[in-house]
Amino acid sequence: MKTRVMVFLAALLLSACQHVSVPPPVSGEIRDLHSGQILTAQELLARLAGPSRLIVGERHDNRDHHQLQLWLLQALGEWRPQGSLLLEMLTPDQQVRVNDVRHASPLPTDLSSALAWQPGWDWNLYGPIVRFALTQPYPLLAANLDMLEVRAFYANPPTLNGSRSNAPTVKDELLAQISDSHCGLLPESQMPAMLAVQQQRDRRIAERLLAAPVPSLLFAGAFHARKDVGVPIHVLDLGEPEAPTVLMLAERGAEVTPAMADYVWYTPATPAQDYCAQMRKQFGKPSGQ
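Numbering of the sequence shown is given in the working numbering, commencing with residue 103 and proceeding in unit increments.
Following this line, the structure appears as structure tokens:
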């Protein structure tokens with residue numbers, strides 16, 4: 103009897119240890135946006151381990167966000183087997199390279215060149231995530247459009263099916279974001295085409311997410327991740343009865359509502375870079391006009 107008790111206690115201890123992750127590399131408030139409850143990192147992991155599809159929204163140039171994404175990817179793997187990882191930063195024409203590299207041992211020294219990594223995505227930020235994922239048994243999947251598709255959609259915007267993604271409030275919010283991200287320098291005549299490309303990206307990401315082995319995890323920019331205007335509404339328009347769970351990584355002071363995400367993890371605010379001043383200088387448009 104004593105031996106059985108010892109074995110039982112050992113099994114419980116082993117089970118508990120499987121759910122004890124190293125502390126996250128970045129501190130900050132984690133909030134359940136539906137209940138308002140403040141969560142610990144371990145409580146968040148317990149909740150994120152259940153959904154079959156999870157989207158983590160990021161600010162692309164925030165190092166803290168990428169460190170947390172790597173931590174989440176590793177820590178969730180201790181709670182359940184990972185089915186797949188999808189990246190907005192990878193395009194379909196890179197998938198063959200990803201698959202080839204994944205079966206290489208050891209991984210190439212110049213991994214970014216082997217993957218034809220696009221220079222618009224800072225490899226110093228994304229490299230650790232990609233390198234880790236390529237050593238795991240689950241697939242690393244491209245989720246974006248390739249450049250030929252972007253050009254085709256820009257030149258000839260297709261009809262987008264779905265009541266949610268065609269809602270005027272969705273399109274107005276996205277148009278405002280497109281204008282803001284281009285510092286008001288984008289001609290009005292280009293706005294419809296830019297909106298079409300943005301929404302076709304969301305639709306493609308949604309299709310890839312639905313086709314990926316579950317539990318699937320997607321890393322994408324904040325507007326792609328948002329439940330009210332991004333990939334989740336396209337998942338619903340494609341006939342899925344339930345939207346993916348969304349965790350938004352956001353800098354302290356940013357507004358993230360329950361309509362946008364299920365959970366938010368606030369990271370320290372970083373110094374704002376005046377991209378608009380650089381763009382105005384480049385295009386010769388005076389500030390304030």
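Glycine included, C-beta positions come from ideal geometry on N, C-alpha and C. Just so it is clear, the structure is predicted and the values come from calculations on it, not from any experiment.
8 Å contact criterion, which residue i and residue j should meet: CB distance rounded
| i | j | result |
| --- | --- | --- |
| Leu351 | Leu227 | Contact flag wrong, Cβ pair sits at about 13 Å. |
| Tyr256 | Ala295 | 5 Å |
| Leu156 | Thr372 | No, Leu156 and Thr372 are not in contact; Cβ-Cβ is about 25 Å, not under 8 Å. |
| Ala245 | Leu172 | Ala245 to Leu172, Cβ: 18 Å. No contact. |
| Val366 | Leu135 | 6 Å |
| Ala314 | Ser186 | 4 Å |
Residue i in three-state terms, based on DSSP
| i | result |
| --- | --- |
| Lys104 | Only weak support is given to the placement of Lys104: the predicted model assigns it a pLDDT of 43, under 50, and the value that follows is read from those uncertain coordinates. Lys104 falls in the helix class under three-state DSSP. |
| Ala151 | coil |
| Leu311 | helix |
| Leu174 | helix |
| Ala322 | strand |
| Glu180 | helix |
| Pro146 | In the sequence as displayed, the identity of residue 146 is Leu instead of Pro. If DSSP states are grouped into helix, strand and coil, Leu146 belongs with the helices. |
| Ser267 | coil |
| Glu353 | strand |
| Leu188 | strand |
| Leu247 | coil |
| Arg305 | helix |
| Glu342 | coil |
| Lys273 | helix |
| Leu262 | coil |
| Pro194 | helix |
| Trp225 | helix |
| Leu297 | helix |
C-alpha gap between residue i and residue j, whole angstroms
| i | j | result |
| --- | --- | --- |
| Leu276 | Ala374 | 22 Å |
| Ser137 | Pro334 | 20 Å |
| Val232 | Leu146 | 23 Å |
| Val198 | His162 | 24 Å |
| Ser291 | Gln300 | 16 Å |
| Asn258 | Gly159 | 29 Å |
| Thr359 | Ala216 | 40 Å |
| Pro241 | Asn201 | 8 Å |
| Leu96 | Leu338 | Outside the displayed range of the chain (103 to 391) lies residue 96, so it cannot be described from this structure. |
| Ala151 | Arg182 | 7 Å |
Cross-strand partners of residue i (DSSP beta bridge)
| i | result |
| --- | --- |
| Asp134 | Tyr365 |
| Thr347 | Leu156 |
| Ile335 | Ile335 pairs with nothing; no bridge assigned. |
| Ile140 | Arg133 |
| Leu242 | Leu187 |
Residue i, buried or exposed, once every other Cβ within 10 Å from all chains shown has been counted against 16
| i | result |
| --- | --- |
| Glu79 | Missing from the structure shown is residue 79; the chain here goes from 103 to 391 and no further. |
| Thr369 | buried |
| His205 | exposed |
| Ala278 | exposed |
| Val331 | buried |
| Pro127 | exposed |
| Asp274 | exposed |
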